[in-house]
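Novice: Pasting in a structure now, in structure tokens, and then I'll have a few things to ask.
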Amino acid sequence: MTIDFKELKPNRLAMWVIWIPLAVAAIYYSFFAMDRYASTALVAVRQVGANEAPQLPGLAVMLGGVNPASREETLYLREFITSMDMLKVLNKDLQWEDHYADKWWDPLYLVFRNASQEFWLTYYQRMVTAHFDEETGLLTVEVQAFTPELAQQVLKVILDESEKFVNELSHKMAREQMRFAQSELGNARKTYEERREEMIRFQSENNLLDAQATAQSRAGVIADLEAQLTRERITLKGLLANLDANTPQVRQQRARISALEQQLDIENKRLVSPPSGDHLNVIAARYRNLTIDTGIAEEAYKFAVSAVESARVEASKKLRSLVTVVSPNEPDLAIYPQRIYNLITLMLALCLLYGIVRFIRATIEDHRD
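Letter by letter, the sequence shown follows residues 44 to 412 in the numbering used here.
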């Protein structure tokens, strides 16, 4: 059966467009629509120790848009509350689907027990809503149920799981940051200990505590020998100017110079050798490299220690907690469905539709004329 609105008189058109749909809706709301009770709670995600932060004036908060709540974590929580994970928790703790399945009396809220998970999730998101207020940072959680006791129980379970979710989320981020910092600290400590052991082993093998200081000491001895040798040679020249070369004084002076030259040669050979040798200059160079490597490793270790402390402070700033501003209530009255409000809204919408149909009909008749 088709209805040709062009052939209908205004009264019959009003009957089909307004009064018959309105009568069907009135019959549904009067005899079939089941009462639904709503339990509501207001929650917020707050940073642990946030009250220790410097407080801003109220006007600065409003003008600057400063929100003390953790907005990002609150949005995560909103998605978690309306997710399949939360539905599974409710089924496990309260057998949630058993309370809502096979409500034959109300066709608009009928869901079969063996329905798919996707259908159940859509139905769940109709019964459980979470609204985030951008201005206050509060999350309003509302649970609808066919009994007031069930509405309150479901909301309590949701808040308990939400608190666990917030705690685990913040602790997970803190643990990951601390784990990375401690891993870097362990690597830095290991490297520093290896460099230190390598230096100790080098000192033991060469019987030197500080090769660089020993090399500097030997260089001072060589400088003294060279100064003595220079003085003795000057003395020899003075003796040769006045005495014969075979006199005892000259021979004794030559012997003294020869002894100094031999000792100087021995000291030079002990101090200086080719790069592949094992004399004091090479040992000092190797020791210097070990000292630099050990110093770098020590500084890296100190930095890693300070990084762990900084990570611990930053991790404490990432800790969040769920604050229940308004606790779940056990409703006394069923606020859903809003029968009168829905009927008035439907009537206004149908009247608007009726006016549109009349306008279209009048436009067609004008074109025909």
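For every residue, glycine included, the Cβ atom is placed at its ideal position computed from N, Cα and C.
Roughly how many angstroms lie between the CA atoms of residue 115 and residue 210, to the nearest whole one?
Specialist: When rounded, the distance between both Cα atoms is 14 Å.
Novice: Between which two residues does the alpha helix (DSSP H) containing residue 84 stretch?
Specialist: No alpha helix (DSSP H) contains residue 84, which is instead part of the beta strand (DSSP E) from 80 to 90.
Novice: Quick one, are the C-beta atoms of residue 194 and residue 82 less than 8 Å apart?
Specialist: Yes, they are a contact pair.
Novice: Cβ atoms of residue 85 and residue 181: under 8 Å apart, would you say?
Specialist: Closer than 8 Å, so yes.
Novice: Using CA coordinates, which residue listed in 137, 171 and 179 is at the minimum distance from residue 89?
Specialist: It is 179 whose Cα lies nearest to the Cα of residue 89.
Novice: How many Å lie between residue 399 and residue 406 at the Cα?
Specialist: Distance between the alpha carbons of residue 399 and residue 406 is about 11 Å.
Novice: How would you label residue 208, buried or exposed, when you count the other beta carbons within 10 angstroms and need 16 or more for buried?
Specialist: So residue 208 ends up on the buried side.
Novice: Is there contact between the region 371 to 389 and the region 62 to 77, where contact requires at least three CB pairs shorter than 8 Å?
Specialist: Contact between the region 371 to 389 and the region 62 to 77 is present, because at least three Cβ pairs lie under 8 Å.
Novice: Among 170, 143, 149 and 151, whose alpha-carbon lies nearest the alpha-carbon of residue 157?
Specialist: Among 170, 143, 149 and 151, the Cα nearest to that of residue 157 is on 143.
Novice: Quick check on this structure: which residue in 283, 272, 397 and 228 has the alpha carbon closest to the alpha carbon of residue 299?
Specialist: Comparing Cα positions, the closest option is 272.
Novice: Sort 408, 295 and 391 by Cα distance to residue 60 and report the nearest one.
Specialist: Here the closest residue by C-alpha is 391.
Novice: Taking one C-beta from the region 122 to 133 and one from the region 159 to 169 each time, how about it: are there three or more such pairs within less than 8 Å?
Specialist: Yes, the region 122 to 133 is in contact with the region 159 to 169.
Novice: If we ignore side chains and look at the alpha-carbon of each, how far apart do residue 244 and residue 352 end up?
Specialist: If you take the alpha carbons of residue 244 and residue 352, they lie about 32 Å apart.
Novice: Between the Cα of residue 384 and those of 56, 297, 69 and 54, spot the shortest distance and give me the residue it belongs to.
Specialist: Nearest option by C-alpha distance: 69.
Novice: Kindly list the residues whose CB is nearer than 8 Å to the CB of residue 287, restricted to its own chain and excluding five residues on each side of it in sequence; keep chain order.
Specialist: Same-chain partners within the cutoff: 293.
Novice: Hey, residue 347 and residue 238: beta-carbon distance below 8 Å or not?
Specialist: In this structure, residue 238 does not lie closer than 8 Å to residue 347 by Cβ.
Novice: Kindly indicate which three-state DSSP category residue 370 falls into: helix, strand or coil?
Specialist: Residue state, collapsed to three classes: coil.
Novice: Please state whether DSSP places residue 365 in a helix, a strand or coil.
Specialist: Three-state DSSP puts residue 365 in a strand.
Novice: DSSP on residue 187, reduced to helix/strand/coil?
Specialist: DSSP places residue 187 in strand when its eight states are reduced to three.
Novice: How many Å lie between residue 386 and residue 185 at the Cα?
Specialist: Approximately 23 Å, taken between the alpha carbons.
Novice: Across which residues does DSSP place residue 173 in a beta bridge pair?
Specialist: DSSP output for residue 173 lists 184 as bridge partner(s).
Novice: Which residues in the same chain have their Cβ closer than 8 Å to the Cβ of residue 232, if we skip the five residues on either side of it in sequence?
Specialist: Here the set comprises 344 and 347.
Novice: Unbroken beta strand (DSSP E) runs of length 3 or more, entirely within the region 368 to 407: which are they?
Specialist: For the region 368 to 407, not a single whole beta strand (DSSP E) run of length 3 or above is found.
Novice: Please report the straight-line C-alpha distance between residue 131 and residue 58, rounded to a whole angstrom.
Specialist: Answer to the nearest angstrom: the Cα atoms are 47 Å apart.
Novice: Take residue 389 and list the residues in its own chain whose beta-carbon comes closer than 8 Å to its own, dropping the five residues that flank it on each side.
Specialist: Counting only Cβ-Cβ distances below 8 Å, and skipping sequence neighbours, we find 64, 65 and 68.
Novice: Judging by CA-CA distance, which residue of 218, 129 and 205 is the nearest neighbour of residue 163?
Specialist: The shortest C-alpha separation from residue 163 is found at 129.
Novice: Note down the Cα distance separating residue 338 from residue 270, rounded to an integer number of angstroms.
Specialist: Those two C-alpha atoms are separated by around 37 Å.
Novice: Three-state secondary structure (DSSP) at residue 106?
Specialist: Residue placement at residue 106 is poorly supported in this model, since its pLDDT is 38, which falls under 50; the coordinates still yield a value, given next. Helix, per DSSP.
Novice: Determine, using beta carbons only, whether residue 350 and residue 224 come nearer to each other than 8 Å.
Specialist: Yes, they are a contact pair.
Novice: Taking residue 61 as part of the alpha helix (DSSP H), name the residues at either end of that continuous run.
Specialist: Where residue 61 is concerned, there is no enclosing alpha helix (DSSP H), given that its DSSP letter is neither H nor E.
Novice: Taking 8 Å as the limit between beta carbons, can you name the residues of its chain near residue 234, skipping five residues before and five after?
Specialist: Cβ neighbours of residue 234 beyond the five flanking positions: 340, 343 and 344.
Novice: Check for me: the alpha helix (DSSP H) holding residue 134 runs from which residue to which?
Specialist: 127 to 137 is the extent of the alpha helix (DSSP H) around residue 134.
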